[in-house]
Amino acid sequence: MALRRPPRLRLCARLPDFVLLLLFRGCLIGAVNLKSSNRTPVVQEFESVELSCIITDSQTSDPRIEWKKIQDDQTTYVFFDNKIQGDLAGRAEILGKTSLKIWNVTRRDSALYRCEVVARNDRKEIDEIVIELTVQVKPVTPVCRVPKAVPVGKMATLYCQESEGHPRPHYSWYRNDVPLPTDSRANPRFRNSSFHLNSETGTLVFTAVHKDDSGQYYCIASNDAGSARCEEQEMEVYDLNIGGIIGGVLVVLAVLALITLGICCAYRRGYFINNKQDGESYKNPGKPDGVNYIRTDEAGRLQTQVIVCDLRPAVWLRAHRAHMHIPLLETPVEAARADALGQS
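The sequence shown maps to residues -31 to -1, 1 to 313 in mature numbering (1 follows the signal peptide of the UniProt record, and there is no 0).
This is the structure in structure tokens:
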């Protein structure tokens, strides 16, 4: 017959576990500990948010509380010496003993916030927790640029940009209200196209446009806070008319040739020569030696007077003048000299 173990022995067997539990709880007494109901709060811009920091265990009735903001590798005070500091002054307060509430948050408030508690009467005097606050901003209407007309086979780039959304938005393009994939080769529906969409930058690049790429295009920028789209813009893809281009060039050359020919004909006919003269102008002909030209009073005609030179006899000259019916206009000295030579 089996003997039963006294109940007293079962209690003694469990005694070591009970003692260990008491010892473990005794080690925790007097150590400050913190917790948070939400370590990654997300809030829309211009709303309010509570950064939860709760003391769970502490023997100190009045611990020291500090809040710090960590942004761009810089640490600044938010709550220190029992008052709000920095850019949160006037729009934040402490709830309870340790939690921080912020009103009218902005995108600049997105950062890491560290709650620090110092309990001087506890065995573990210091504890801290870090809370990451994300402030979301809805995108505004993006700026879209779509080429109006592109010849077949040429490259075309469509741009979509938005600078207000936070976090940074992602971009998607639509043609005739149909969403475009990031790569035309990934969808058989766009096998006649050759484009690539960068959803991070908003650029849609066609390596060689096709006639089927004509249509109405618009872009949508979106993030967790919302989305916004730009107005539709049309892109036309047209064929190059080589014959028309050559014909146009020939017409321009023909017009230039006709203009040049007309200018030459007008120049030859004297249209560009100024025939107008101010009054009568006479150019004196070259004078041979011993001859001078004068103007008479009759009908404005030119008559010739020969000035006598000592190289020829004066009588012969007078006879020659008479024979040629040339009127003589000579000085008294010349006349006397001629008479003297005639008498001799």
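Ideal Cβ positions, reconstructed from N, Cα and C, are used throughout, including at glycine.
For this session: Report the partner residues of Cys188 according to the DSSP bridge assignment.
Result: The count along the sequence shown starts at 1 and reaches residue 188 at position 219. Its beta-bridge partners are Trp142.
Exercise. Which of helix, strand or coil does DSSP assign to Phe159?
Worked result: Here residue 159 refers to the residue found at position 190 when the sequence shown is read from its first residue. Helix.
For this session: Would you mind working out which of Ser27, Val87, Met124, Leu173 sits nearest Tyr143, comparing C-alpha positions?
Result: Numbered from its first residue, the sequence shown carries residue 143 at position 174. It is Leu173.
For this session: Report the residue ranges of all beta strand (DSSP E) runs contained in full by the segment 13 to 97; include only those spanning at least 3 residues, in chain order.
Result: 18 to 20, 23 to 26, 33 to 40, 43 to 49, 61 to 64, 68 to 71, 80 to 87
Exercise. Is the number of C-beta pairs between the segment 83 to 93 and the segment 28 to 35 that are closer than 8 Å three or more?
Worked result: yes
Exercise. Ile24 and Lys66 look like a contact to me (Cβ under 8 Å); what is the Cβ gap, rounded to whole Å?
Worked result: What you label residue 24 is simply residue 55 of the sequence shown in a count that begins at 1. What you label residue 66 is simply residue 97 of the sequence shown in a count that begins at 1. 7 Å between Cβ atoms; contact.
For this session: Using three-state DSSP, classify Lys180 as helix, strand or coil.
Result: Within the sequence shown, the letter at position 211 stands for residue 180. If DSSP states are grouped into helix, strand and coil, Lys180 belongs with the helices.
Problem set entry | Pick from Gly217, Asn90, His135 that is closest to Ser27, judged by C-alpha positions | Taking the sequence shown and counting its residues from 1, the one referred to as residue 27 is at position 58. The shortest Cα separation from Ser27 among Gly217, Asn90, His135 belongs to Asn90.
For this session: Starting from Glu203, follow the beta strand (DSSP E) in both directions and report where the run begins and ends.
Result: As a position in the sequence shown, residue 203 is number 234, starting the count at 1. Here the beta strand (DSSP E) through Glu203 covers 202 to 207.
Exercise. Since Gln40 and Ala80 are thought to touch, with beta carbons under 8 Å apart, how far apart are those beta carbons, to the nearest angstrom?
Worked result: For the purposes of this step, residue 40 is taken as the residue at position 71 of the sequence shown. For the purposes of this step, residue 80 is taken as the residue at position 111 of the sequence shown. Indeed, because the Cβ distance is near 4 Å, the residues count as touching under 8 Å.
Exercise. Do you know how far the Cα of Thr103 is from the Cα of Lys117?
Worked result: Here residue 117 refers to the residue found at position 148 when the sequence shown is read from its first residue. Here residue 103 refers to the residue found at position 134 when the sequence shown is read from its first residue. Counting only the Cα atoms, Thr103 lies some 40 Å from Lys117.
Exercise. Name the DSSP bridge partner or partners of Cys129?
Worked result: Counted from its first residue, the sequence shown places residue 129 at position 160. Beta-bridge analysis with DSSP links Cys129 to Cys113.
For this session: Determine the contact status of Phe175 and Ser163, defining contact as a CB-CB distance below 8 Å.
Result: On the sequence shown, position 206 is the one that residue 175 refers to. On the sequence shown, position 194 is the one that residue 163 refers to. Contact flag set, yes.
Exercise. Which class does Gly195 belong to by DSSP, given the choice of helix, strand or coil?
Worked result: Numbered from 1 along the sequence shown, position 226 holds the residue referred to as residue 195. When DSSP states are grouped into helix, strand and coil, Gly195 belongs to the strand group.
Exercise. If Gly195 and Lys107 are in contact, beta carbons under 8 Å, what's the gap, nearest whole angstrom?
Worked result: Within the sequence shown, numbered from 1, the residue matching residue 195 stands at position 226. Within the sequence shown, numbered from 1, the residue matching residue 107 stands at position 138. Between the beta-carbon of Gly195 and that of Lys107 there is about 4 Å, and that keeps the pair under the 8 Å contact cut.
Exercise. Given that a residue counts as buried once 16 or more other Cβ atoms are within 10 Å of its Cβ, and exposed if not, what is Ala190?
Worked result: The residue labelled residue 190 in the question sits at position 221 within the sequence shown. A residue is called buried once 16 or more other Cβ atoms fall within 10 Å of its Cβ, and Ala190 is buried on that count.
For this session: Assign Tyr187 to one of two classes, buried (16 or more other C-beta atoms within 10 Å of its C-beta) or exposed (fewer than that).
Result: If you number the sequence shown from 1, residue 187 lands on position 218. So Tyr187 counts as buried.
Exercise. If you check the beta carbons only, do Cys199 and Pro138 fall under 8 Å apart?
Worked result: By 1-based counting over the sequence shown, the position of residue 199 is 230. By 1-based counting over the sequence shown, the position of residue 138 is 169. Not closer than 8 Å, so no.
For this session: Can you tell me which of Arg8, His135, Gln185 puts its alpha carbon nearest to the alpha carbon of Pro148?
Result: What you label residue 148 is simply residue 179 of the sequence shown in a count that begins at 1. The option with the nearest alpha carbon to Pro148 is Gln185.
Exercise. Between the beta-carbon of Gly171 and the beta-carbon of Gln130, is there less than 8 Å?
Worked result: Here the question's residue 171 lines up with position 202 in the sequence shown. Here the question's residue 130 lines up with position 161 in the sequence shown. Yes, the pair counts as a contact, with Cβ atoms nearer than the cut-off.
For this session: Verify whether the separation of the beta carbon atoms of Pro136 and Asp78 is less than 8 Å.
Result: Counted from its first residue, the sequence shown places residue 136 at position 167. Counted from its first residue, the sequence shown places residue 78 at position 109. No, the pair does not count as a contact, with Cβ atoms beyond the cut-off.
Problem set entry | Leu166: first and last residue of the uninterrupted beta strand (DSSP E) it sits in | As a first step, residue 166 must be located in the sequence shown, where it is residue number 197. Start and end: 164 to 167.
For this session: Decide if Gly231 is buried, meaning its Cβ has at least 16 other Cβ atoms within 10 Å, or exposed.
Result: On the sequence shown, residue 231 is found 262 positions in, with the first residue counted as 1. Answer is exposed; the Cβ neighbour count stays below 16.
Problem set entry | Beta-carbon proximity check, Cys22 vs Ile98, cutoff 8 Å | Here residue 22 refers to the residue found at position 53 when the sequence shown is read from its first residue. Here residue 98 refers to the residue found at position 129 when the sequence shown is read from its first residue. Yes, these two residues count as a Cβ contact at 8 Å.
For this session: Mind checking which residues open and close the beta strand (DSSP E) that includes Ala118?
Result: The count along the sequence shown starts at 1 and reaches residue 118 at position 149. From DSSP, the beta strand (DSSP E) with Ala118 extends over 118 to 120.
Exercise. How would you call residue 325, buried or exposed, if buried means at least 16 neighbouring beta carbons within 10 angstroms?
Worked result: Past the edges of the chain, shown from -31 to 313, lies residue 325, and the structure says nothing about it.
Exercise. In its own chain, which residues sit with a C-beta less than 8 Å from the C-beta of Lys123, not counting the 5 before and 5 after it?
Worked result: Locating residue 123 in the sequence shown gives position 154, where the first residue counts as 1. The answer, listed in chain order, is Ala177, Val178.
Problem set entry | Identity of the residue in Asp42, Asp152, Ile63 nearest Asp50 by Cα | In the sequence shown, residue 50 corresponds to position 81, counting from 1. It is Ile63 whose Cα lies nearest to the Cα of Asp50.
For this session: Could you have a look at Thr229 and say whether DSSP puts it in helix, strand or coil?
Result: In the sequence shown, counting from the first residue as 1, residue 229 sits at position 260. Reduced to three states, the DSSP call for Thr229 is helix.
Exercise. Should Leu220 be labelled buried (16 or more other beta-carbon atoms within 10 Å of its own) or exposed?
Worked result: Here residue 220 corresponds to residue number 251 of the sequence shown, with the count starting at 1. The displayed chain sequence assigns Val, not Leu, to residue 220. For Val220, the number of other beta carbons within 10 angstroms of its own is below 16, and it is reported as exposed.
Exercise. Which value, in whole angstroms, describes the spacing of the CA atoms of Trp72 and Ser17?
Worked result: Taking the sequence shown and counting its residues from 1, the one referred to as residue 72 is at position 103. Taking the sequence shown and counting its residues from 1, the one referred to as residue 17 is at position 48. A direct Cα-to-Cα measurement between Trp72 and Ser17 gives close to 4 Å.
Exercise. For the beta strand (DSSP E) that Lys123 lies in, which residues bound it at each end?
Worked result: Residue mapping note: residue 123 aligns to position 154 of the sequence shown, counting from 1. Run containing Lys123: none; DSSP gives neither H nor E here.
Exercise. In chain order, what residues of the same chain have a beta carbon less than 6 Å from the beta carbon of Glu101, not counting five sequence neighbours either side?
Worked result: As a working mapping, residue 101 is identified with position 132 in the sequence shown. Cβ neighbours of Glu101 beyond the five flanking positions: Thr9, Leu81.
Exercise. What separation, rounded to the nearest whole angstrom, lies between the Cα atoms of Val74 and Leu57?
Worked result: As a working note, residue 74 is residue 105 in the sequence shown. As a working note, residue 57 is residue 88 in the sequence shown. When rounded, the distance between both Cα atoms is 9 Å.
Problem set entry | DSSP beta-bridge partners of Val11 | In the sequence shown, counting from the first residue as 1, residue 11 sits at position 42. Looking at the DSSP assignment, Val11 forms a beta bridge with Thr103.
For this session: Tell me where the beta strand (DSSP E) around Leu3 begins and ends.
Result: The residue you call residue 3 lines up with position 34 of the sequence shown. Here the beta strand (DSSP E) through Leu3 covers 2 to 4.
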